[in-house]
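Numbering (the UniProt record's numbering), first residue to last: 1 to 376. In what follows, a structure is listed as structure tokens, so that the remarks can point back to it.
This is the structure in structure tokens:
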């Protein structure tokens with residue numbers, strides 16, 4: 001069987017940008033799982049753009065509990081890739097690093113767990129080892145949603161309360177919490193016309209009072225401690241707003257004005273009033289309101305036994321939180337879960353994405369210890 005490095009090189013060679021199909025790379029992962037002796041389950045679907053997507057789950061062993069790994073096979077676009085000598089889907093080793101789109105986020109992590117699973121191939125297990133790799137994590141976690149709603153193997157994990165690893169890049173630190181998210185689009189409608197006439201209706205005018213309310217809300221979120229959680233850095237919901245009327249010329253009366261809003265929900269804080277305030281502000285100003293995406297925050301008590309055991313196996317001292325989100329937002333039914341994977345999140349989505357070669361050995365070693373602790 002391949003090493004973690006070789007698994008990664010093979011997966012990176014597949015262009016599985018989220019706007020495209022990930023079926024080919026999923027087929028490859030399925031072949032590997034079968035070679036490892038896994039029972040497999042596919043959860044296929046067609047996305048909103050008519051593109052075929054696929055999630056793959058695998059299991060070695062039987063019984064309840066055990067350990068479940070969660071990753072994703074889609075990657076972000078690489079249109080600004082910096083290297084001329086090799087492309088983003090041509091995995092290249094240089095200066096002790098493997099370069100390529102998805103090396104850190106997160107095909108390298110997936111590869112480490114596959115390599116770790118090899119250590120128990122053909123062995124008698126005391127509890128099952130589960131593997132799950134989804135599509136569309138980068139564009140709304142739609143693959144994880146499909147798994148939660150349609151996978152019998154996932155239902156089995158929940159029924160047995162398997163311990164879970166979400167393998168996103170944390171430098172193999174144990175992460176016990178991350179923020180969720182909420183994406184909203186508010187639209188003002190007008191009427192286009194030549195700006196020398198009075199025939200048009202400028203959509204921006206109706207948007208301005210709404211923006212003033214959003215500024216006031218943002219200031220409140222940044223200053224009022226009831227909306228903050230000091231376990232996170234920064235401790236706020238980091239509300240972000242974009243505005244665009246998509247008018248291509250200065251002499252056209254803008255027929256639309258579009259405001260995008262994103263804020264990061266945090267554990268322990270009821271963010272529903274924020275959602276309602278934005279919706280009420282939009283509707284009271286005669287604007288269209290659309291909630292595009294809502295993701296739960298993820299949290300487990302840092303003093304929980306599972307967290308402490310993970311710290312021991314990873315030879316870490318203190319768990320931490322992160323401000324980004326993961327598919328873990330969907331896996332809330334699994335009560336024992338951490339985010340933990342090789343690589344640095346600072347390298348994710350970059351124009352020169354890489355994973356240090358040392359991370360392959362570290363990741364494989366730590367994941368192997370975890371499998372042996374709870375399944376062998």
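Ideal Cβ placement from N, Cα and C applies to all residues, glycine included.
Count the other CB atoms, across all protein chains shown, that sit within 10 Å of the CB of residue i; report buried if there are 16 or more and exposed otherwise.
| i | result |
| --- | --- |
| residue 303 | exposed |
| residue 176 | buried |
| residue 122 | exposed |
| residue 115 | buried |
| residue 215 | exposed |
| residue 250 | exposed |
| residue 212 | exposed |
| residue 86 | exposed |
| residue 305 | exposed |
| residue 205 | exposed |
| residue 100 | buried |
| residue 358 | exposed |
| residue 42 | exposed |
| residue 84 | exposed |
| residue 364 | buried |
Could you please give me the residues that DSSP links to residue i through a beta bridge?
| i | result |
| --- | --- |
| residue 290 | 185 |
| residue 337 | 164 |
| residue 226 | Answer is none; residue 226 lacks a bridge partner. |
| residue 201 | 191 |
| residue 134 | 72 |
| residue 354 | 99 |
Since residue i contacts residue j with CB under 8 angstroms, what's their CB separation in whole angstroms?
| i | j | result |
| --- | --- | --- |
| residue 67 | residue 153 | Not really, about 14 angstroms apart at Cβ, beyond 8 angstroms. |
| residue 266 | residue 168 | About 18 angstroms; that fails the 8 angstroms criterion. |
| residue 125 | residue 362 | Wrong, their Cβ atoms sit about 24 angstroms apart, outside the cutoff. |
| residue 117 | residue 36 | 5 angstroms |
| residue 17 | residue 82 | Going by Cβ atoms, the distance from residue 17 to residue 82 rounds to 17 angstroms, so no, they are not a contact pair. |
| residue 60 | residue 2 | Not confirmed; about 17 angstroms, so no contact. |
| residue 336 | residue 163 | 5 angstroms |
| residue 256 | residue 197 | In fact, because the Cβ distance is near 18 angstroms, the residues do not count as touching under 8 angstroms. |
Mind checking which residues open and close the alpha helix (DSSP H) that includes residue i?
| i | result |
| --- | --- |
| residue 112 | 108–117 |
| residue 369 | 357–375 |
| residue 8 | 4–12 |
| residue 143 | 142–150 |
| residue 320 | Taken as a continuous stretch (DSSP letters only), residue 320 belongs to no alpha helix (DSSP H), being part of the beta strand (DSSP E) at 320–322. |
| residue 345 | Here residue 345 belongs to no alpha helix (DSSP H), and DSSP marks it neither H nor E. |
| residue 277 | 272–284 |
What residue range is occupied by the uninterrupted beta strand (DSSP E) comprising residue i?
| i | result |
| --- | --- |
| residue 68 | 67–72 |
| residue 310 | Looking at the DSSP string, residue 310 is not in any beta strand (DSSP E); the run it does join, the alpha helix (DSSP H), is 305–314. |
| residue 92 | 92–94 |
| residue 262 | 256–263 |
| residue 23 | Segment 23–35 is the alpha helix (DSSP H) holding residue 23; no beta strand (DSSP E) there. |
| residue 55 | 52–60 |
| residue 178 | 175–178 |
| residue 42 | 39–46 |
| residue 240 | 240–244 |
| residue 97 | 97–99 |
*Are three or more beta carbon pairs between the stretch 256–264 and the stretch 174–194 nearer than 8 angstroms?*
yes
*Three or more C-beta pairs closer than 8 angstroms, one from the stretch 132–151 and one from the stretch 307–318: is that the case here?*
no
*Please confirm if the stretch 31–51 is in contact with the stretch 289–298, defined as three or more CB-CB distances below 8 angstroms between the two stretches.*
no
*Take every Cβ of the stretch 92–109, pair it with every Cβ of the stretch 335–355, and state whether three or more of those distances are shorter than 8 angstroms.*
yes
*Just checking, does the stretch 227–241 make contact with the stretch 316–325 on the three C-beta pairs under 8 angstroms criterion?*
yes
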